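*Asks:*
In the numbering used here, the protein residues as written are 653 to 847.
1) With a cut-off of 7 angstroms, does the C-beta of residue 803 fall near any C-beta of chain C?
2) Given residue 790, which residues of its chain have a CB within under 6 angstroms of its CB, disregarding the five upstream and five downstream residues?
3) Let me know if residue 856 comes out buried or exposed under the rule of 16 or more other beta-carbons within 10 Å of its beta-carbon.
4) With a CB to CB cut of under 6 angstroms and the five nearest residues on each side skipped, what residues in its chain are close to residue 686?
5) Can you tell which of 752, 766 and 751 has its C-alpha closest to the C-alpha of residue 861?
6) Taking 7 angstroms as the threshold (C-beta atoms), are residue 663 and residue 678 in contact?
7) State the DSSP-derived secondary structure class of residue 734, mapped to helix, strand or coil.
8) Do residue 785 and residue 752 have their C-beta atoms within less than 7 angstroms of each other?
9) So, helix, strand or coil for residue 698, using DSSP?
10) In whole angstroms, give me the CA-to-CA distance for residue 835 and residue 825.
11) Between residue 800 and residue 667, is the Cβ-Cβ spacing less than 7 angstroms?
12) Could you check if residue 702 is buried or exposed, using at least 16 other CB atoms within 10 Å of its CB as the buried criterion?
13) Checking 7 angstroms against the spacing of the C-beta atoms, do residue 779 and residue 764 come in under that value?
14) Using the Cβ count rule (16 or more neighbours within 10 Å means buried), how would you classify residue 770?
15) I'd like the span of the alpha helix (DSSP H) that includes residue 808, first residue to last.
16) Looking at residue 734: is its Cβ nearer than 7 angstroms to the Cβ of residue 689?
17) What separation, rounded to the nearest whole angstrom, lies between the Cα atoms of residue 754 and residue 830?
18) Hey, would you say residue 787 sits closer than 7 angstroms to residue 817, going by beta carbons?
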């Protein structure tokens with residue numbers, strides 16, 4: 653945790669220009685350290701870490717933001733999996749949830765991730781699973797805007813900047829669980845306000 657704390661404090665003190673110029677390798681190291689330690693343990697000492705990282709990622713141009721996002725997504729998924737295993741309230745809510753498989757693809761880059769909720773267990777894989785219920789597609793620029801809060805999911809869907817292929821209604825059933833998990837890991841769920 654000592655190395656993590658040092659990297660965290662170092663990046664916290666950096667100006668926006670310093671982050672853009674020198675921060676990418678430091679931030680990637682910070683994410684890697686958080687993965688080694690485990691997100692849930694890190695959150696106990698640094699409750700703002702997920703939002704801190706998300707905000708730092710959004711500073712970069714889309715290509716560099718994507719490099720960090722590729723590290724950030726597994727950190728979040730691993731944290732969610734740990735949280736589900738450790739939190740009885742979340743486990744109980746998930747037990748009544750229909751199995752679902754949702755993928756997110758950055759279609760102008762080599763990045764996709766699939767999250768799967770099956771028999772009240774969460775898993776993920778890099779890439780797109782063959783049996784997805786829903787694929788959310790966007791460009792790197794839209795991903796960056798989602799992270800920074802400049803774009804909301806509904807706004808992106810309405811404008812065509814974000815595309816959804818598959819059963820969006822089934823995915824809406826996850827909203828109560830996403831809300832609980834988002835609160836527990838101190839992260840805004842990428843401005844998802846689906847009505």
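Each residue gets a CB set at the ideal place from its N, CA and C atoms; glycine is no exception. Computed from a predicted structure; not experimentally measured.
*Replies:* Reading it off the structure:
1) No chain C appears in the structure shown, which is made up of a single protein chain.
2) Closer than 6 angstroms at Cβ, skipping near neighbours: 814.
3) The structure shown does not extend to residue 856, since the chain is modelled only from 653 to 847, so the question has no answer here.
4) Here the set comprises 694 and 727.
5) In the structure as shown, the chain begins at 653 and stops at 847. Residue 861 is therefore absent and cannot be evaluated.
6) Taking 7 angstroms as the Cβ cut-off, residue 678 and residue 663 qualify as a contacting pair.
7) Residue state, collapsed to three classes: helix.
8) In this structure, residue 752 lies closer than 7 angstroms to residue 785 by Cβ.
9) Assigned with DSSP and collapsed to three states, residue 698 falls in coil, not helix or strand.
10) Their backbone Cα atoms lie some 17 angstroms apart in a straight line.
11) Their beta carbons are not under 7 angstroms apart, which means residue 800 does not touch residue 667 by this criterion.
12) Using a 10 angstroms sphere on the CB of residue 702, the tally of other CB atoms reaches 16 or more, which defines it as buried.
13) In terms of Cβ geometry, residue 779 and residue 764 form a close pair [threshold 7 angstroms].
14) With fewer than 16 other Cβ atoms within 10 Å, it is exposed.
15) It spans 805-811 - the alpha helix (DSSP H) in which residue 808 sits, taken as one unbroken run.
16) Cβ distance not < 7 angstroms, so residue 734 and residue 689 don't count as in contact.
17) Straight-line Cα distance between these residues: approximately 13 angstroms.
18) For the 7 angstroms CB-CB criterion, residue 787 and residue 817 form a contact.
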